[in-house]
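Count along the sequence shown starting at 1, add 1428, and that's the number in the working numbering. Each residue gets a CB set at the ideal place from its N, CA and C atoms; glycine is no exception. Below is one structure, written out as C-alpha coordinates, with a few remarks after it.
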Amino acid sequence: MTIPLADLHASLAEPLLDAMTFLNEVTTRYPDAVSFAPGRPYEGFFEPEDVPAHLAAYLAHLADRGLDRDAVRTALFQYGPTKGIINELVARTLANDEDLTVDPEALVVTVSAQEGMLLTLRALCAGPDDVLLVSSPCYVGVTGAARLLDLTVRPVPEGPDGGPDPETFRAAARAVRAEGRRPRALYVVPDFANPSGTSMPVAARDGLLEVAAEEGVLVIEDNPYGFFSRTPGRRPTLKALDRHRQVVHLGSFAKTCFPGARLGYVIADQEVARPDGRRGLLADELAKLKSMTTVNTPALSQAVIGGMLLTHGCRLRAANAGATAHYAAGMDTLLRELDRHLPASVRRRLGVSWNRPDGGFFAVLTVPFVADEAAMERCARDHGVLWTPMAPFYPAGGGEQRLRLSVSSLTQSQIIDGVAKLAAFLAA
(Lines of atoms letter the chains of each structure in order from A and count residues from 1; the text may use other names and numbers.)
(Lines give C-alpha, C1' and ligand atoms only; values in the text may rest on other atoms or scores of the structure.)
Protein backbone atom coordinates (compact mmCIF):
# COMPACT_ATOMS: atom_id res chain seq x y z
CA MET A 1 0.00 0.00 0.00
CA THR A 2 1.29 3.46 -0.91
CA ILE A 3 0.35 6.28 1.43
CA PRO A 4 0.44 9.79 -0.05
CA LEU A 5 2.36 12.19 2.16
CA ALA A 6 -0.67 14.48 1.98
CA ASP A 7 -2.63 11.82 3.90
CA LEU A 8 -0.23 11.99 6.83
CA HIS A 9 0.06 14.73 9.43
CA ALA A 10 1.08 18.03 7.85
CA SER A 11 4.11 18.36 10.15
CA LEU A 12 5.82 15.58 8.17
CA ALA A 13 6.06 17.91 5.18
CA GLU A 14 7.79 20.62 7.22
CA PRO A 15 11.21 21.63 5.82
CA LEU A 16 12.41 21.84 9.42
CA LEU A 17 12.29 18.06 9.79
CA ASP A 18 14.16 17.60 6.51
CA ALA A 19 16.83 20.11 7.59
CA MET A 20 17.68 18.13 10.72
CA THR A 21 17.76 14.88 8.75
CA PHE A 22 20.11 16.45 6.20
CA LEU A 23 22.45 17.60 8.95
CA ASN A 24 22.75 14.04 10.27
CA GLU A 25 23.30 12.64 6.79
CA VAL A 26 25.94 15.15 5.74
CA THR A 27 27.88 14.49 8.94
CA THR A 28 27.95 10.79 8.02
CA ARG A 29 29.05 11.56 4.46
CA TYR A 30 32.02 13.61 5.69
CA PRO A 31 33.21 11.73 8.78
CA ASP A 32 36.69 13.27 8.65
CA ALA A 33 35.42 16.85 8.65
CA VAL A 34 35.76 18.92 11.82
CA SER A 35 32.15 19.27 12.91
CA PHE A 36 30.96 22.40 14.68
CA ALA A 37 27.41 21.13 14.07
CA PRO A 38 26.34 18.91 17.01
CA GLY A 39 25.41 20.39 20.36
CA ARG A 40 26.18 17.21 22.27
CA PRO A 41 28.46 16.95 25.33
CA TYR A 42 32.13 16.04 25.09
CA GLU A 43 32.51 12.27 25.26
CA GLY A 44 35.78 12.41 27.16
CA PHE A 45 33.80 12.91 30.37
CA PHE A 46 32.01 9.56 30.08
CA GLU A 47 33.42 6.26 31.37
CA PRO A 48 31.45 3.00 30.90
CA GLU A 49 32.36 1.75 34.38
CA ASP A 50 30.63 4.77 35.91
CA VAL A 51 27.22 3.36 34.96
CA PRO A 52 27.32 0.28 37.24
CA ALA A 53 28.98 2.35 39.97
CA HIS A 54 26.12 4.87 39.94
CA LEU A 55 23.56 2.08 39.84
CA ALA A 56 25.22 0.47 42.88
CA ALA A 57 25.09 3.81 44.71
CA TYR A 58 21.36 4.04 44.11
CA LEU A 59 20.77 0.45 45.21
CA ALA A 60 22.65 1.22 48.41
CA HIS A 61 20.43 4.26 48.87
CA LEU A 62 17.31 2.10 48.59
CA ALA A 63 18.74 -0.34 51.13
CA ASP A 64 19.52 2.52 53.50
CA ARG A 65 15.89 3.58 53.24
CA GLY A 66 14.88 0.12 54.47
CA LEU A 67 13.68 -1.45 51.22
CA ASP A 68 14.09 -5.21 51.16
CA ARG A 69 15.14 -7.24 48.12
CA ASP A 70 11.59 -7.68 46.85
CA ALA A 71 10.86 -3.96 47.10
CA VAL A 72 14.11 -3.12 45.28
CA ARG A 73 13.24 -5.63 42.56
CA THR A 74 9.86 -3.96 42.09
CA ALA A 75 11.38 -0.47 42.05
CA LEU A 76 13.87 -1.32 39.31
CA PHE A 77 12.08 -3.88 37.15
CA GLN A 78 8.43 -2.85 37.23
CA TYR A 79 6.46 0.09 35.93
CA GLY A 80 6.93 2.88 38.42
CA PRO A 81 5.11 6.03 39.53
CA THR A 82 4.36 8.24 36.56
CA LYS A 83 5.90 11.29 38.22
CA GLY A 84 9.17 9.47 38.85
CA ILE A 85 11.15 7.74 41.61
CA ILE A 86 14.06 10.17 42.17
CA ASN A 87 12.02 13.33 42.70
CA GLU A 88 13.38 13.92 46.21
CA LEU A 89 16.97 13.67 44.97
CA VAL A 90 16.23 16.09 42.12
CA ALA A 91 14.60 18.53 44.55
CA ARG A 92 17.64 18.30 46.84
CA THR A 93 19.95 18.98 43.90
CA LEU A 94 17.92 22.01 42.80
CA ALA A 95 18.13 23.41 46.32
CA ASN A 96 21.91 23.01 46.36
CA ASP A 97 22.65 24.16 42.82
CA GLU A 98 19.96 26.75 42.05
CA ASP A 99 18.72 27.92 45.48
CA LEU A 100 15.34 26.55 44.46
CA THR A 101 12.98 25.14 47.07
CA VAL A 102 10.81 22.67 45.20
CA ASP A 103 8.19 20.29 46.57
CA PRO A 104 9.04 16.85 45.08
CA GLU A 105 5.32 16.53 44.28
CA ALA A 106 5.68 19.50 41.91
CA LEU A 107 8.28 17.59 39.87
CA VAL A 108 7.71 15.23 36.97
CA VAL A 109 10.74 13.20 35.89
CA THR A 110 10.53 12.83 32.11
CA VAL A 111 12.07 10.96 29.21
CA SER A 112 14.35 13.89 28.35
CA ALA A 113 13.44 17.54 28.61
CA GLN A 114 11.84 17.16 25.18
CA GLU A 115 9.05 15.05 26.64
CA GLY A 116 8.56 17.61 29.37
CA MET A 117 8.26 20.29 26.72
CA LEU A 118 5.66 18.30 24.77
CA LEU A 119 3.60 17.55 27.89
CA THR A 120 3.72 21.19 29.00
CA LEU A 121 2.60 22.53 25.62
CA ARG A 122 -0.21 19.98 25.39
CA ALA A 123 -1.48 20.81 28.88
CA LEU A 124 -1.29 24.59 28.62
CA CYS A 125 -2.67 25.13 25.13
CA ALA A 126 -6.35 24.26 25.38
CA GLY A 127 -7.66 25.27 21.98
CA PRO A 128 -6.98 26.86 18.59
CA ASP A 129 -7.02 30.39 20.03
CA ASP A 130 -4.08 29.70 22.33
CA VAL A 131 -0.76 31.00 20.98
CA LEU A 132 2.76 30.04 22.03
CA LEU A 133 5.26 32.90 22.00
CA VAL A 134 8.88 31.89 21.45
CA SER A 135 12.12 33.78 21.72
CA SER A 136 13.54 34.00 18.19
CA PRO A 137 15.89 32.52 17.03
CA CYS A 138 14.52 29.49 18.82
CA TYR A 139 15.46 25.89 19.62
CA VAL A 140 13.86 23.75 16.93
CA GLY A 141 12.68 21.20 19.50
CA VAL A 142 9.98 23.51 20.82
CA THR A 143 8.79 24.75 17.43
CA GLY A 144 8.79 21.15 16.20
CA ALA A 145 6.78 20.01 19.23
CA ALA A 146 4.32 22.85 18.69
CA ARG A 147 3.92 21.81 15.06
CA LEU A 148 3.18 18.22 16.06
CA LEU A 149 0.45 19.56 18.34
CA ASP A 150 -0.92 21.98 15.71
CA LEU A 151 -0.20 24.98 17.93
CA THR A 152 0.21 28.50 16.63
CA VAL A 153 3.68 29.93 17.27
CA ARG A 154 4.61 33.62 17.27
CA PRO A 155 8.25 34.68 17.44
CA VAL A 156 9.46 37.39 19.82
CA PRO A 157 12.86 38.65 18.59
CA GLU A 158 15.84 38.34 20.90
CA GLY A 159 17.28 41.58 22.19
CA PRO A 160 20.96 42.43 21.68
CA ASP A 161 21.86 41.06 25.12
CA GLY A 162 19.89 37.83 24.79
CA GLY A 163 16.29 36.78 25.35
CA PRO A 164 13.29 38.85 24.35
CA ASP A 165 13.24 42.45 25.52
CA PRO A 166 10.43 42.75 28.10
CA GLU A 167 8.64 45.51 26.18
CA THR A 168 8.92 43.59 22.91
CA PHE A 169 7.39 40.64 24.75
CA ARG A 170 4.57 42.86 26.02
CA ALA A 171 3.87 44.17 22.51
CA ALA A 172 3.78 40.65 21.09
CA ALA A 173 1.35 39.45 23.78
CA ARG A 174 -0.95 42.42 23.19
CA ALA A 175 -0.83 41.95 19.42
CA VAL A 176 -2.00 38.36 19.86
CA ARG A 177 -4.76 39.47 22.22
CA ALA A 178 -5.85 42.16 19.75
CA GLU A 179 -6.53 39.35 17.27
CA GLY A 180 -8.99 37.82 19.73
CA ARG A 181 -6.57 35.06 20.69
CA ARG A 182 -4.81 34.22 23.97
CA PRO A 183 -1.04 34.53 24.40
CA ARG A 184 -0.70 31.43 26.55
CA ALA A 185 3.01 31.11 27.29
CA LEU A 186 6.44 32.37 26.32
CA TYR A 187 9.22 29.83 25.72
CA VAL A 188 12.73 31.08 26.48
CA VAL A 189 16.23 29.70 27.14
CA PRO A 190 17.69 32.44 29.38
CA ASP A 191 21.21 30.98 29.73
CA PHE A 192 23.49 30.38 26.71
CA ALA A 193 20.54 29.83 24.40
CA ASN A 194 20.47 27.33 21.59
CA PRO A 195 21.16 28.49 18.90
CA SER A 196 22.38 32.03 19.64
CA GLY A 197 24.53 31.39 22.72
CA THR A 198 23.22 34.57 24.36
CA SER A 199 22.13 35.01 27.99
CA MET A 200 19.61 37.35 29.55
CA PRO A 201 20.88 39.95 32.04
CA VAL A 202 19.31 39.70 35.50
CA ALA A 203 17.43 42.98 35.09
CA ALA A 204 15.86 41.68 31.89
CA ARG A 205 14.79 38.51 33.71
CA ASP A 206 13.03 40.55 36.38
CA GLY A 207 11.43 42.70 33.68
CA LEU A 208 10.28 39.65 31.73
CA LEU A 209 8.57 38.17 34.78
CA GLU A 210 6.95 41.51 35.59
CA VAL A 211 5.49 41.75 32.09
CA ALA A 212 4.37 38.11 32.20
CA ALA A 213 2.46 38.79 35.43
CA GLU A 214 0.85 41.94 34.06
CA GLU A 215 -0.15 40.27 30.80
CA GLY A 216 -1.27 36.97 32.33
CA VAL A 217 1.22 34.89 30.32
CA LEU A 218 3.07 31.87 31.68
CA VAL A 219 6.80 31.46 31.04
CA ILE A 220 8.33 28.15 29.96
CA GLU A 221 11.99 28.25 31.00
CA ASP A 222 14.33 25.73 29.38
CA ASN A 223 17.64 25.45 31.23
CA PRO A 224 20.05 22.83 29.82
CA TYR A 225 23.16 25.03 29.70
CA GLY A 226 23.02 27.13 32.87
CA PHE A 227 26.10 25.59 34.51
CA PHE A 228 28.53 26.33 31.71
CA SER A 229 29.69 29.92 32.18
CA ARG A 230 33.07 31.32 31.14
CA THR A 231 32.84 34.02 33.80
CA PRO A 232 32.67 33.84 37.62
CA GLY A 233 29.30 33.84 39.34
CA ARG A 234 25.96 32.79 38.00
CA ARG A 235 22.66 34.35 37.12
CA PRO A 236 19.52 33.17 38.92
CA THR A 237 17.14 31.09 36.85
CA LEU A 238 13.77 32.60 36.05
CA LYS A 239 12.27 29.99 38.36
CA ALA A 240 14.49 31.17 41.22
CA LEU A 241 13.13 34.71 40.64
CA ASP A 242 9.54 33.49 40.28
CA ARG A 243 7.34 34.82 43.08
CA HIS A 244 3.93 34.09 41.58
CA ARG A 245 4.34 30.57 40.15
CA GLN A 246 4.41 31.94 36.64
CA VAL A 247 7.35 29.84 35.44
CA VAL A 248 7.21 26.23 34.30
CA HIS A 249 10.84 25.11 34.44
CA LEU A 250 12.29 22.43 32.14
CA GLY A 251 15.50 20.76 33.27
CA SER A 252 17.76 18.16 31.73
CA PHE A 253 20.47 15.77 32.88
CA ALA A 254 21.74 15.35 29.31
CA LYS A 255 24.47 17.97 29.57
CA THR A 256 25.24 17.70 33.31
CA CYS A 257 25.20 13.89 33.68
CA PHE A 258 25.02 12.10 30.34
CA PRO A 259 22.67 12.23 27.36
CA GLY A 260 22.18 8.50 26.87
CA ALA A 261 20.11 8.27 30.06
CA ARG A 262 17.48 10.47 28.34
CA LEU A 263 16.37 12.02 31.61
CA GLY A 264 14.79 15.40 32.23
CA TYR A 265 12.29 16.96 34.59
CA VAL A 266 9.59 19.61 34.81
CA ILE A 267 8.92 21.88 37.76
CA ALA A 268 5.18 22.56 37.47
CA ASP A 269 4.08 24.01 40.83
CA GLN A 270 1.18 26.04 39.44
CA GLU A 271 -2.12 25.44 41.22
CA VAL A 272 -4.93 23.93 39.14
CA ALA A 273 -8.54 24.49 40.22
CA ARG A 274 -10.85 21.61 39.30
CA PRO A 275 -14.58 22.03 38.58
CA ASP A 276 -15.52 20.28 41.83
CA GLY A 277 -13.56 22.83 43.84
CA ARG A 278 -10.58 20.61 44.57
CA ARG A 279 -7.14 22.01 43.88
CA GLY A 280 -3.99 20.27 42.74
CA LEU A 281 -0.72 20.91 40.94
CA LEU A 282 -0.03 21.30 37.25
CA ALA A 283 2.52 18.51 37.76
CA ASP A 284 -0.38 16.13 38.47
CA GLU A 285 -2.02 17.11 35.18
CA LEU A 286 1.24 16.58 33.28
CA ALA A 287 1.48 13.13 34.88
CA LYS A 288 -1.96 12.27 33.46
CA LEU A 289 -0.74 13.12 29.97
CA LYS A 290 2.49 11.21 30.52
CA SER A 291 0.53 8.12 31.55
CA MET A 292 -0.91 8.07 28.03
CA THR A 293 2.45 8.55 26.26
CA THR A 294 5.53 6.99 27.89
CA VAL A 295 3.56 5.69 30.93
CA ASN A 296 6.57 6.19 33.19
CA THR A 297 10.23 7.16 32.86
CA PRO A 298 12.54 4.08 32.82
CA ALA A 299 13.52 3.16 36.36
CA LEU A 300 17.03 2.10 35.31
CA SER A 301 17.77 5.52 33.82
CA GLN A 302 16.45 7.18 36.96
CA ALA A 303 18.48 4.84 39.15
CA VAL A 304 21.74 5.62 37.33
CA ILE A 305 21.15 9.39 37.45
CA GLY A 306 19.96 9.10 41.04
CA GLY A 307 23.15 7.26 41.92
CA MET A 308 25.20 9.97 40.24
CA LEU A 309 23.40 12.65 42.27
CA LEU A 310 24.02 10.71 45.47
CA THR A 311 27.69 10.16 44.61
CA HIS A 312 28.18 13.90 44.30
CA GLY A 313 26.13 14.88 47.33
CA CYS A 314 23.33 16.20 45.10
CA ARG A 315 25.61 19.00 43.91
CA LEU A 316 25.96 18.90 40.15
CA ARG A 317 27.64 22.28 39.85
CA ALA A 318 30.63 20.97 41.75
CA ALA A 319 30.50 17.66 39.87
CA ASN A 320 30.55 19.54 36.56
CA ALA A 321 33.47 21.83 37.39
CA GLY A 322 35.74 19.98 34.96
CA ALA A 323 33.15 20.09 32.19
CA THR A 324 32.51 23.78 32.80
CA ALA A 325 36.24 24.50 32.50
CA HIS A 326 36.45 22.41 29.32
CA TYR A 327 33.56 24.16 27.59
CA ALA A 328 34.79 27.58 28.72
CA ALA A 329 38.23 26.83 27.29
CA GLY A 330 36.62 25.65 24.07
CA MET A 331 34.65 28.86 23.68
CA ASP A 332 37.74 30.93 24.52
CA THR A 333 39.69 29.04 21.86
CA LEU A 334 36.96 29.48 19.27
CA LEU A 335 36.77 33.24 19.80
CA ARG A 336 40.55 33.63 19.94
CA GLU A 337 41.08 31.66 16.73
CA LEU A 338 38.33 33.58 14.93
CA ASP A 339 40.09 36.81 15.92
CA ARG A 340 43.44 35.41 14.77
CA HIS A 341 42.29 34.18 11.37
CA LEU A 342 39.77 36.95 10.77
CA PRO A 343 41.18 40.19 12.23
CA ALA A 344 39.13 43.38 12.01
CA SER A 345 40.45 44.40 8.58
CA VAL A 346 39.64 40.97 7.11
CA ARG A 347 36.22 40.94 8.77
CA ARG A 348 35.36 44.28 7.20
CA ARG A 349 36.54 43.15 3.77
CA LEU A 350 34.66 39.85 3.91
CA GLY A 351 31.57 41.17 5.69
CA VAL A 352 31.87 38.67 8.55
CA SER A 353 31.00 39.16 12.23
CA TRP A 354 30.17 37.04 15.25
CA ASN A 355 28.84 37.30 18.78
CA ARG A 356 30.86 36.57 21.93
CA PRO A 357 28.88 34.39 24.33
CA ASP A 358 30.11 34.30 27.92
CA GLY A 359 29.59 30.55 28.12
CA GLY A 360 27.65 27.60 26.84
CA PHE A 361 28.14 25.61 23.65
CA PHE A 362 27.22 27.96 20.79
CA ALA A 363 28.33 31.06 18.91
CA VAL A 364 26.85 32.58 15.75
CA LEU A 365 28.59 33.97 12.67
CA THR A 366 27.01 36.43 10.27
CA VAL A 367 28.32 35.96 6.71
CA PRO A 368 27.84 37.72 3.34
CA PHE A 369 26.27 34.71 1.61
CA VAL A 370 23.30 32.39 2.09
CA ALA A 371 24.45 29.89 4.70
CA ASP A 372 22.19 27.06 3.59
CA GLU A 373 22.56 23.30 3.19
CA ALA A 374 24.29 23.66 -0.17
CA ALA A 375 26.89 26.04 1.30
CA MET A 376 27.44 23.75 4.26
CA GLU A 377 28.01 20.77 2.01
CA ARG A 378 30.50 22.74 -0.13
CA CYS A 379 32.30 23.70 3.05
CA ALA A 380 32.46 20.07 4.20
CA ARG A 381 33.53 18.75 0.79
CA ASP A 382 36.10 21.39 -0.14
CA HIS A 383 37.39 22.54 3.27
CA GLY A 384 36.65 19.71 5.72
CA VAL A 385 34.52 21.58 8.24
CA LEU A 386 30.81 21.46 9.16
CA TRP A 387 28.47 23.93 10.84
CA THR A 388 24.73 24.42 11.28
CA PRO A 389 22.59 26.77 9.13
CA MET A 390 20.65 29.19 11.31
CA ALA A 391 17.56 29.69 9.13
CA PRO A 392 15.64 26.70 10.61
CA PHE A 393 15.84 28.37 14.02
CA TYR A 394 13.73 31.36 12.87
CA PRO A 395 10.01 30.42 12.98
CA ALA A 396 8.91 33.38 10.83
CA GLY A 397 11.89 33.35 8.46
CA GLY A 398 15.27 35.00 8.69
CA GLY A 399 18.79 33.97 9.62
CA GLU A 400 19.69 33.01 6.06
CA GLN A 401 23.10 34.63 6.36
CA ARG A 402 23.98 33.25 9.75
CA LEU A 403 25.54 29.98 10.88
CA ARG A 404 25.90 28.33 14.28
CA LEU A 405 29.17 26.96 15.64
CA SER A 406 29.17 24.51 18.53
CA VAL A 407 32.35 23.76 20.48
CA SER A 408 30.91 21.28 22.95
CA SER A 409 32.00 17.98 21.39
CA LEU A 410 35.44 19.10 20.16
CA THR A 411 38.95 19.16 21.58
CA GLN A 412 41.10 22.29 21.62
CA SER A 413 43.16 21.06 18.66
CA GLN A 414 40.02 20.26 16.67
CA ILE A 415 38.66 23.77 17.29
CA ILE A 416 41.96 25.33 16.18
CA ASP A 417 42.03 23.17 13.03
CA GLY A 418 38.35 23.77 12.34
CA VAL A 419 38.53 27.55 12.58
CA ALA A 420 41.49 27.62 10.17
CA LYS A 421 39.47 25.58 7.69
CA LEU A 422 36.38 27.69 8.20
CA ALA A 423 38.38 30.88 7.61
CA ALA A 424 39.67 29.41 4.35
CA PHE A 425 36.11 28.67 3.28
CA LEU A 426 34.98 32.20 4.14
CA ALA A 427 37.88 33.67 2.20
CA ALA A 428 37.06 31.45 -0.78
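Look at THR1538 here: in three-state DSSP terms it is strand. Here LEU1528 is not near LYS1718, since their CB atoms are 8 Å or more apart. Separation of the CB atoms of GLY1812 and ALA1461 is rounded to 5 Å, and the pair is thereby assigned contact status at 8 Å. Distance check between PHE1597 and each of GLY1590, VAL1584 and THR1725 places VAL1584 closest, using alpha-carbon atoms only. The Cβ neighbour count for ASP1670, taken over all protein chains shown within 10 Å, is at least 16; the residue is labelled buried. Two segments are said to touch when three or more pairs of C-beta atoms, one from each, lie closer than 8 Å; by this definition the segment 1796–1815 does not touch the segment 1678–1685. Residue pairing by DSSP leaves PRO1785 without any beta bridge partner. DSSP, reduced to helix, strand and coil, places LEU1678 within a strand of the structure shown. Judged by their CB atoms, THR1580 and LEU1560 are nearer to each other than the 8 Å cut-off. Relative to ALA1503, the option among GLY1654, LEU1487, PHE1797 and ASP1492 whose CA is nearest is LEU1487. Between the alpha carbons of LEU1850 and THR1761 lies a gap of roughly 14 Å. For ASP1478, the three-state secondary structure derived from DSSP is helix. For the set THR1455, PRO1432 and LEU1522, the Cα lying nearest the Cα of TYR1693 is the one of LEU1522. Non-local beta-carbon contacts of GLN1698 in its own chain, meaning distances under 6 Å to residues more than five positions away in sequence, involve ARG1673 and LEU1710 in chain order.
DSSP, reduced to helix, strand and coil, places ALA1701 within a strand of the structure shown. Out of GLY1635, ALA1727, VAL1568 and SER1627, the CA that lies nearest to the CA of ALA1447 is found in VAL1568. When DSSP assignments are scanned along the segment 1588–1622, the uninterrupted stretches of beta strand (DSSP E) that are 3 or more residues long and fall wholly within it turn out to be 1610–1616.
Around the beta carbon of PHE1473, fewer than 16 other beta carbons sit within 10 angstroms, so the residue counts as exposed. Around the beta carbon of ARG1468, fewer than 16 other beta carbons lie within 10 angstroms, which makes this residue exposed. In this structure the segment 1781–1796 lies against the segment 1652–1659, because at least three pairs of beta carbons, one per stretch, are closer than 8 Å.
Three or more beta-carbon pairs separated by less than 8 Å are not found between the segment 1621–1637 and the segment 1727–1739, which leaves the two stretches without contact.
With the rule of 3 Cβ pairs closer than 8 Å, the segment 1505–1520 does not count as touching the segment 1775–1783.
Scanning HIS1482, ARG1609 and GLY1826 for the CA closest to the CA of GLY1741 turns up HIS1482.
As the crow flies, the alpha-carbon of ARG1493 is around 15 Å from that of ASN1515. About 4 Å separates the Cβ atoms of PRO1611 and VAL1604, confirming a contact at the 8 Å cut-off. The alpha carbon of PRO1556 has as its nearest neighbour, out of ASP1578, GLY1846 and VAL1454, the alpha carbon of ASP1578. Of the residues assessed, ASN1748 falls on the buried side of the cut-off, its CB having 16 or more other CB atoms within 10 angstroms.
Look at SER1719 here: in three-state DSSP terms it is helix.
In the displayed model, PRO1583 falls within a strand according to three-state DSSP.
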